[in-house]
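A.B. asks: Using full-length UniProt numbering, the first residue of the sequence shown is number 1, and each one after it goes up by one.
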Amino acid sequence: MTEQMRLMAVHAHPDDESSKGAATMAKYVAEGVKVLVATCTGGERGSVLNPKMDRPEVLADITNIRRAEMAEAREILGVDQAWLGFIDSGLPEGDPLPPLPEGCFGLQDPEEAAKPLIKLIREFRPHVMTTYDENGGYPHPDHIMCHKVSVVAFDAAGDPEKYPELGEPWQPMKLYYNSGWTRARMLALHEGMLAAGLESPYTEWLEKWSDRDDRGDKITTRIECGEYFHTRDDALRAHATQVDPDGFWFRIPLELQQKVWPTEDFELARSLVDSPIPESDLFTGIHESAVRSEV
1 MTEQMRLMAV
11 HAHPDDESSK
21 GAATMAKYVA
31 EGVKVLVATC
41 TGGERGSVLN
51 PKMDRPEVLA
61 DITNIRRAEM
71 AEAREILGVD
81 QAWLGFIDSG
91 LPEGDPLPPL
101 PEGCFGLQDP
111 EEAAKPLIKL
121 IREFRPHVMT
131 TYDENGGYPH
141 PDHIMCHKVS
151 VVAFDAAGDP
161 EKYPELGEPW
171 QPMKLYYNSG
181 WTRARMLALH
191 EGMLAAGLES
201 PYTEWLEKWS
211 DRDDRGDKIT
221 TRIECGEYFH
231 TRDDALRAHA
241 TQVDPDGFWF
251 RIPLELQQKV
261 WPTEDFELAR
271 SLVDSPIPES
281 DLFTGIHESA
291 VRSEV
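(1) Return the bridge partner residues of ASN178 from the DSSP annotation.
(2) Assuming contact is defined by CB atoms lying nearer than 8 Å, are VAL79 and MET25 in contact in what I supplied?
(3) If we ignore side chains and look at the alpha-carbon of each, how far apart do MET8 and GLY192 end up?
(4) Where do the ends of the alpha helix (DSSP H) carrying VAL151 lie?
(5) Between the C-alpha atoms of PRO278 and ILE219, what's the straight-line distance to the nearest angstrom?
(6) Quick one: any contact between the segment 252-260 and the segment 192-212, if contact means 3 or more CB pairs under 8 Å?
(7) Between ARG74, GLU161, TRP181 and VAL48, which lies nearest to GLU267 when the distance is taken from Cα to Cα?
(8) With a threshold of 16 other CB atoms inside 10 Å of the CB of GLY103, please say whether the residue is buried or exposed.
(9) Spatial neighbours of ILE65 within its chain, please: C-beta separation below 8 Å, excluding the five flanking residues on both sides.
(10) Would the beta-carbon of ALA269 fall within 8 Å of that of LEU175?
(11) Which one of PHE248, TYR132, TYR228 and THR41 has the shortest CA to CA distance from GLN258?
(12) Can you give the Cα-Cα distance for ASP155 and GLU204, rounded to whole angstroms?
(13) Please report how far the alpha carbon of ALA73 lies from the alpha carbon of GLU168, in whole angstroms.
(14) Can you list, in chain order, the residues of its chain with a C-beta nearer than 7 Å to that of TYR163? Leave out the 5 residues immediately preceding and following it.
(15) Specify the secondary structure class of GLN81 as computed by DSSP and reduced to three states.
(16) Could you check if ASP265 is buried or exposed, using at least 16 other CB atoms within 10 Å of its CB as the buried criterion?
(17) Just grab the DSSP bridge partners of LYS34 for me.
(18) Going residue by residue through the segment 49-116, where are the continuous beta strand (DSSP E) segments of at least 3 residues, counting only ones entirely within it?
(19) Alpha carbon to alpha carbon, how far is SER179 from ASP234? Give it in angstroms, no decimals.
(20) How long is the line joining the alpha carbons of LYS150 and GLU17, rounded to whole angstroms?
(21) Any chance the CB of SER179 is under 7 Å from a heavy atom of the ligand MG?
(22) Would you list the one or two residues that DSSP bridges to VAL128?
(23) Can we say the segment 92-101 touches the segment 35-42, given the rule of at least three CB pairs closer than 8 Å?
(24) Counting C-beta neighbours from all protein chains within 10 Å, is the total for PRO139 16 or more, i.e. buried, or is it exposed?
(25) Round the Cβ separation of LEU120 and GLN81 to the nearest angstrom and send it over; I've been treating them as touching at under 8 Å.
Spelled out as structure tokens, the structure:
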């Protein structure tokens, strides 16, 4: 009997775990993998993006409501979840951009802000971690800081000389970046909608794509998880302040998504095991080396 595999997904805000890699997590939970979501901030400054929830009483209690939404989403996904305790930076808008709020996550020193994540890694002992790329997936200050903190923690957690007060060292074996909307994925869904005689919600996005960064060529790992897309969508809908159930993200029929693009995609950023590319499993190379039994 080999050791139970453990996966940690590090995210900036509640709802990010349901929009990035959620079906992959649900798949691994179903296969017996222990999955922990680390949420950096409470999402306190997130805008209410669902018109049905844009009410004074919701805005007045947004911190508690977002925590309740996270609790529902993690139950749907079957994952454990921990708060790292930082304050949402908000998404600055304007030209020039205004300064970030004092004390927010985006202004932290990554070496210092990594401490709660290092402690969590040493307690949970994940074999694999996922996070965002150096651009945050998109340039939200909390997403960029989430990347920085995750990389510091991945490198430091296994070093007995670093942060010795945070527990016994544990070195995750692989670090992945979530792959977001590549042009190839959007184009495949767009063409699938048109072929089905449906209106595509991506027409305008594709027309403006030349201005966007496309990391499609960096994808190393595709996880077949189409059968868990419904779980992903249910978890996403649990974040009712952030997601309109009648809105943009649910306009592509589930069956079409499962047919046209049935994977969630990742970039392998660091690996301490032999794992030939391309991959179809985040734990490739780790299964073979895990020989210690665990109760």
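Every residue, glycine too, gets a C-beta built ideally from N, C-alpha and C.
C.D. replies: Answer, in terms of the structure:
(1) PHE266
(2) yes
(3) 33 Å
(4) 141-156
(5) 8 Å
(6) yes
(7) TRP181
(8) exposed
(9) VAL58 and THR241
(10) yes
(11) TYR228
(12) 41 Å
(13) 31 Å
(14) Excluding positions up to five away in sequence, the list reads LYS115, ILE118 and ALA156.
(15) Here GLN81 sits in strand by DSSP.
(16) Its Cβ being crowded by 16 or more others within 10 Å, ASP265 is buried.
(17) ARG6
(18) 80-86
(19) Taking C-alpha positions only, ASP234 is separated from SER179 by approximately 21 Å.
(20) Here residue 150 is Ser; the residue named in the question, Lys, does not match the sequence. Rounded to the nearest angstrom, the two C-alpha atoms are 15 Å apart.
(21) In the structure on display, the ligand MG does not appear, and there are no ligands present to speak of.
(22) Partner(s): LEU7 and LYS174.
(23) As far as the Cβ criterion goes, the segment 92-101 does not touch the segment 35-42, which means the pair count is below three.
(24) exposed
(25) Not quite, the Cβ-Cβ distance comes to about 11 Å (not below 8 Å), so this is no contact.
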